[in-house]
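From first to last, the protein sequence lines are chains A and B.
Mapping the first sequence onto our numbering, position 351 (from 1) lands on 369, and the numbers just tick up by one.
Mapping the second sequence onto our numbering, position 536 (from 1) lands on 649, and the numbers just tick up by one.
For each residue, glycine too, the CB sits at the ideal point set by N, CA and C.
One structure is given below, encoded as structure tokens.
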Amino acid sequence: MTRWARITAFMIVLLIPSLDALGELRFPPPEFESGYQFPQTTSPPALPAIHEYIDAAVLLAALLLATYLILKRRSRRAIFALMLFALLYFGFWRDGCICPIGAIQNVTLTIFDSSYAIPLTAGIFFVLPLVFTLFVGRTFCGAVCPLGAIQDAVLIHPVVVPRWLESGLRLMAYTYLGAAVLFAAIGNAFLICRYDPFVGFFRLSGNWNVLIIGASLLLIGLFIGRPYCRFLCPYGVLLRQMSRLSKWRVTITPNECIKCRLCEGACPFGAIREPTGDWPQGEYKIAKRRLALFLLLLPVLVAAGGWGGYTLKERLARVHPRVRTAERVYLEETGRVEGTTNASDAFRATGRTTEELYQEATAIRDRFAIGGTLLGGFLGLVVAGKLVALSVRRRRSEYEADRASCFACGRCYQYCPKERERWKKNKGVVAGR
Amino acid sequence: MTQATEQTRTRDNGVWYWTARNTTIVAAVFSAVFTALLVTNLIGSGVIQPWRENRLAALKLRIQKEPANQELVSQVRRLDLKIRRDRIWRLDFARKATHMLLGSVVVLLVAGGIAGKMKKELPRPQHQPDIGLMQMQEAKQARLAVVGALAVLVLSGLLLAMSRWVRFAQPEDSGPAFATAEEMRQQWPRFRGPAGAGISAYSNIPTQWNGKTGEGILWKSKVPLPGRNSPVVWKDRIFMSGADPNKRQVYCFDAATGQLLWTGDVPTVPLPKDKELNVMEDTGYAPSTMATEGRRVYAIFPTGDVAGFDFQGRRLWHRNLGLPDSSYGYASSLETYEKLVLIQFDQGDGKEGKSRFIALDGQSGKIAWEAKRETPNSWTTPIVVDIAGRPQLITVAKPFVISYNPANGAELWRAECVGGDVAPSPIYAGGLVIAIEPYSQVVAVKPTGQGNVTKTHVVWHMEDSGPDICSPVSDGRYVYTLESGGLLLCCNVEDGKKLYEMDLKEECRASPGIVDDKLYLLDLKGIMHIAQIGPEYKEIATCELGEECFASPAFADGRIYLRGAEHLYCIGKAP
């Protein structure tokens with residue numbers, strides 16, 4: 019660890035109490051004796067809808083600009099400047115809400131709950147980055163996402179994460195995505211928003227536990243580039259798949275790769291892939307058998323995952339506040355616990371019967387039987403799919419940015435001698451003018 | 114020339130590096146200073162502020178004792194102002210320091226990043242022996258990592274599977290929601306026991322005790338808040354309520370030791386500006402006796418607050434029925450039927466349509482049924498009695514004795530036969546419903562009719578007695594009435610023919626009770642007059658408690674529970 023990195027890490031840790039200090043200083047209204055009438059509590063009016071359209075317009079403009087800067091201008095400095103703007107606007111100015119990552123839940127709820135109408139902005143925020151990624155790769159991640167930006171900004175001393183470890187860790191993002199969709203659909207919980215690790219920093223206030231998670235990610239982010247984006251981001255999972263299909267994408271070299279290998283260590287996110295070498299003797303047959311085995315294993319893992327998710331339905335259902343309340347009320351009613359909780363008191367104040375509550379909780383558990391099965395099946399499919407993908411050998415003749423993993427940050431450009439040649443040429447053109 | 118240019122460039126880079134490095138150091142120092150200030154501020158908020166607040170609270174308590182001490186009042190005001198100013202200052206300081214700290218950290222990151230970049234070395238790729246083999250090994254390791262991640266997932270699933278979850282038992286597993294009629298008969302579940310008859314199910318009740326000497330007193334416990342309501346007994350627990358103008362409480366005492374097992378608070382809602390709670394001193398703030406159906410226990414107060422508790426003291430529900438418009442303060446006690454809580458909520462003058470009979474679900478407090486009544490405010494307690502296999506809920510309030518189906522509130526019959534401000538509750542004895550019109554008469558109605566039975570089912574009137582507070586009692590042959598002045602009257606159940614009257618020469622508020630062949634008459638001074646049941650008054654014993662008694666006695670197996678003005682007494686023989 020460098021000296022700077024140590025100092026920075028120390029400072030970020032010390033920043034946490036300051037955030038909390040803001041939230042702690044609350045006090046009751048004064049006790050006037052002079053017959054003073056307290057003003058009526060009012061709620062601030064909702065922000066006009068125009069703000070939402072402005073946000074959507076800013077997102078579109080930022081994506082267009084990012085695409086131009088990444089693919090055409092190929093300027094890391096300009097990309098970094100746009101990233102800082104996105105961090106300030108979508109992060110600190112708009113308090114990190116709304117973001118495409120959280121919009122996954124809005125979209126899910128729209129599908130599963132007919133009474134829920136998705137806000138137009140949420141829909142736009144969900145769709146626009148996906149559409150851009152489908153055509154031009156992950157330009158959203160590189161220059162527009164505030165969560166990516168805050169991690170990118172603190173990356174001081176990148177450490178290489180072995181590619182094999184990255185493959186394993188990436189499963190966390192799939193699990194997170196599956197759980198977030200399941201709980202948004204039937205669990206009455208927006209996990210992604212609840213555990214957004216950086217929103218506390220954007221708002222300078224927030225839940226202590228989540229702030230600690232955020233600070234830890236930033237600390238890790240000093241050495242491991244964008245840990246949240248790489249290993250946790252559920253939206254990143256979708257973007258990865260879209261990016262695989264993208265027509266245009268980031269290329270390390272502006273024209274042809276001379277295989278100088280200077281760019282090998284350029285990417286702090288481990289997204290640069292080297293040309294493939296020759297197959298070792300006898301490996302081909304083994305690889306074929308392995309692939310066949312994993313293909314056969316695919317339905318088995320899906321079925322096993324589905325069964326596992328089904329058996330956990332009661333436990334998974336506990337995410338739903340109604341189920342937790344029902345369980346608590348039941349324990350209280352049967353004298354297995356002492357005292358009441360705010361939730362059980364609030365339930366009793368509604369005047370509903372416990373039978374109604376238990377029935378509702380049982381219905382939610384039944385929904386989790388289906389949801390848990392789907393989640394387990396999905397995770398089984400992901401694992402099997404990954405094993406299959408890792409058993410397929412793809413041919414590469416030059417150094418290139420991995421379509422799925424490249425965040426389009428533009429760091430690799432400057433490492434390519436061909437790119438430097440282009441800069442010089444462009445400079446000459448400008449000087450000649 | 115070229116060498117000179119290189120040297121200049123190196124020197125320039127050195128200057129930039131020096132600037133970036135020193136900026137980083139300055140930013141780090143700034144960050145450390147702001148962090149220290151914020152931490153100090155946080156400690157100040159957490160240590161100094163609570164100390165001042167405690168002092169303020171102590172001063173406020175002193176003001177309650179010395180309201181005229183103006184110096185104390187201004188001291189409180191000064192301290193309060195200081196606390197508020199300090200808090201606002203700290204809040205403002207924290208906000209500003211946080212922004213400064215953020216700024217410093219940003220400068221630190223930018224300058225540190227630039228300095229780090231300037232020291233960065235150019236890449237020097239090393240020779241790669243066999244890229245094909247390396248990639249193959251990498252793919253193998255990646256597959257193992259995925260399998261490892263799968264193992265972690267499975268392990269997490271197993272850990273999750275080991276966590277507990279609650280299986281909601283079917284209603285038949287958790288037992289019935291109310292006690293059986295036979296169980297109810299063995300207990301003292303409401304005002305004046307089962308069906309409000311005032312008759313003990315046990316004959317082994319003490320006939321001798323003395324509260325002053327402690328003779329025959331098993332235990333005596335202080336009741337936290339006053340109340341005129343009577344004890345309710347369910348097995349090893351005794352329930353009562355108490356209240357003052359500000360608090361309403363429910364108490365559960367241990368029948369074995371007299372220990373107060375738990376206290377349950379009953380909240381209320383703020384009164385409308387144009388209304389205030391007015392109760393007579395004789396009524397008090399907790400006049401209504403609680404009721405239980407053997408699973409839960411219920412209480413009602415003159416504020417219109419009604420609440421259900423389980424036997425462990427957990428408040429299951431609470432609802433405010435609205436402040437009852439009652440001349441002397443609402444005082445009707447509760448009755449139960451199966452899992453319903455029955456509330457006679459008579460109020461107003463009877464013309465405004467305010468009076469209702471309300472049945473609440475005991476488990477939830479939700480209204481199960483409601484019946485409108487054209488009766489004015491009354492203070493009687495309804496009874497549920499089984500008459501020829503049909504449960505009837507019988508109420509008395511001017512001018513009617515009305516019977517309802519307790520399951521759904523449907524009216525069965527009514528007789529227009531009582532008047533005045535009715536407080537004595539009805540009883541069912543000898544096949545007749547006995548009701549009282551205060552200062553006027555005792556009326557007997559045959560409860561077998563349908564519709565208005567005034568002309569057909571009123572069996573007799575007896576105009577020699579008309580207690581205003583105490584409810585009557587009957588062994589099925591004789592009816593005993595006790596006036597608040599102490600005049601005891603006995604008449605035949607069959608025809609209402611007066612047999613005797615006896616002046617106890619003491620004020621009485623408690624309703625009389627019957628144990629076996631004995632009549633228990635408790636006067637206001639706490640003296641129990643025990644007399645033989647029969648057509649003539651024959652006193653067997655008098656037992657003194659030594660404390661004023663407004664509440665009626667509760668009889669249990671071998672015991673009597675008496676609520677004095679301040680204490681609860683358990684009278685019985687030590688096991």
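Along chain A, in chain order, which residues have C-beta atoms closer than 8 Å to that of residue i?
| i | result |
| --- | --- |
| residue 96(B) | There is no way to answer for residue 96(B), as the model of chain B reaches only from 114 to 688. |
| residue 477(B) | 366, 369, 370, 371, 372 |
| residue 430(B) | 366, 367, 369 |
For a contact meaning CB atoms closer than 7 Å, what does residue i contact in chain B?
| i | result |
| --- | --- |
| residue 415(A) | Going along chain B, no residue has its Cβ under 7 Å from residue 415(A), so there is no contact; the nearest lies around 12 Å. |
| residue 111(A) | Correct list: empty, because the minimum Cβ distance to chain B is about 14 Å. |
| residue 404(A) | 259 |
| residue 279(A) | 238 |
| residue 86(A) | Simply none; closest approach about 25 Å. |
Where does residue i fall in DSSP's three states?
| i | result |
| --- | --- |
| residue 300(B) | coil |
| residue 185(B) | helix |
| residue 575(B) | strand |
| residue 124(A) | helix |
| residue 345(B) | strand |
| residue 696(B) | One cannot answer for residue 696(B) here, as it falls past the ends of chain B, which runs 114 to 688. |
| residue 529(B) | strand |
| residue 523(B) | coil |
| residue 338(A) | coil |
| residue 306(A) | helix |
| residue 175(A) | coil |
Can you find a C-beta in chain A that's less than 8 Å from the C-beta of residue i?
| i | result |
| --- | --- |
| residue 286(B) | Only weak support exists for where residue 286(B) lies, its pLDDT of 48 falling under 50; the value from the coordinates is given anyway. It does not; no Cβ of chain A falls within 8 Å. |
| residue 249(B) | yes |
| residue 503(B) | no |
| residue 252(B) | yes |
Could you work out which residues of chain B lie near residue i, taking near to mean beta carbons separated by less than 8 Å?
| i | result |
| --- | --- |
| residue 171(A) | 222 |
| residue 160(A) | Simply none; closest approach about 17 Å. |
Shorter than 8 Å from the beta carbon of residue i to some beta carbon of chain B?
| i | result |
| --- | --- |
| residue 443(A) | no |
| residue 296(A) | yes |
| residue 174(A) | yes |
| residue 418(A) | no |
| residue 7(A) | Since the displayed chain A opens at 19 and closes at 451, residue 7(A) lies outside it and no answer follows. |
| residue 379(A) | yes |
| residue 301(A) | yes |
| residue 324(A) | no |
Between residue i and residue j, what straight-line distance do the alpha-carbon atoms span, to the nearest angstrom?
| i | j | result |
| --- | --- | --- |
| residue 532(B) | residue 512(B) | 5 Å |
| residue 398(B) | residue 664(B) | 14 Å |
| residue 231(B) | residue 420(A) | 28 Å |
| residue 418(B) | residue 166(B) | 34 Å |
| residue 358(A) | residue 318(B) | 39 Å |
| residue 303(B) | residue 361(A) | 31 Å |
| residue 199(B) | residue 458(B) | 53 Å |
| residue 255(A) | residue 225(B) | 32 Å |
| residue 42(A) | residue 195(B) | Low local confidence applies: a pLDDT of 45 at residue 42(A) is under 50, so the model's placement there is unreliable, with the coordinate-based value given in what follows. Each residue's alpha carbon lies about 18 Å from the other. |
| residue 281(A) | residue 433(A) | 5 Å |
| residue 188(B) | residue 170(B) | 12 Å |
| residue 475(B) | residue 454(B) | 6 Å |
| residue 363(A) | residue 261(A) | 50 Å |
| residue 238(A) | residue 174(A) | 11 Å |
In chain A, what lies closer than 7 Å to residue i by C-beta?
| i | result |
| --- | --- |
| residue 279(B) | 345, 348, 349 |
List the residues of chain A that residue i touches, going by C-beta distances under 9 Å, in chain order.
| i | result |
| --- | --- |
| residue 256(B) | 182, 185, 308, 312, 404, 405, 408, 409 |
| residue 244(B) | 292, 293, 294, 295, 296 |
Who are the neighbours of residue i on chain E, taking C-beta pairs under 8 Å?
| i | result |
| --- | --- |
| residue 333(A) | In the structure shown, chain E cannot be found, because the protein chains are A and B. |
* To do: Ignoring anything shorter than 3 residues or poking outside the segment 421-504 of chain B, list the beta strand (DSSP E) runs there in chain order.
  => Runs of the beta strand (DSSP E) spanning 3 or more residues and lying entirely within the segment 421-504 of chain B occur at 428-433, 448-450, 453-458, 469-474, 480-485, 496-500, in chain order.
* Starting from the N-terminal side, write out each stretch of the beta strand (DSSP E) that is 3 residues or longer and does not extend beyond the segment 634-668 of chain B. => Correct list: 640-645, 652-657.
* Asked: Could you give the uninterrupted runs of the beta strand (DSSP E) lying entirely in the segment 582-629 of chain B, keeping only those of 3 residues or more?
  -> Assignment of beta strand (DSSP E) within the segment 582-629 of chain B, counting only whole runs of 3 or more residues, yields 591-595, 600-605, 611-616, 626-628 in chain order.
* Quick one: complete beta strand (DSSP E) runs, 3+ long, within the segment 348-388 of chain B? -> Runs of the beta strand (DSSP E) lying entirely within the segment 348-388 of chain B, each at least 3 residues long, are 350-356, 361-367, 373-378 in chain order.
* Uninterrupted alpha helix (DSSP H) stretches inside the segment 324-403 of chain A (no shorter than 4 residues) -> Counting only runs of 4 or more, we get 331-334, 339-351, 360-368.
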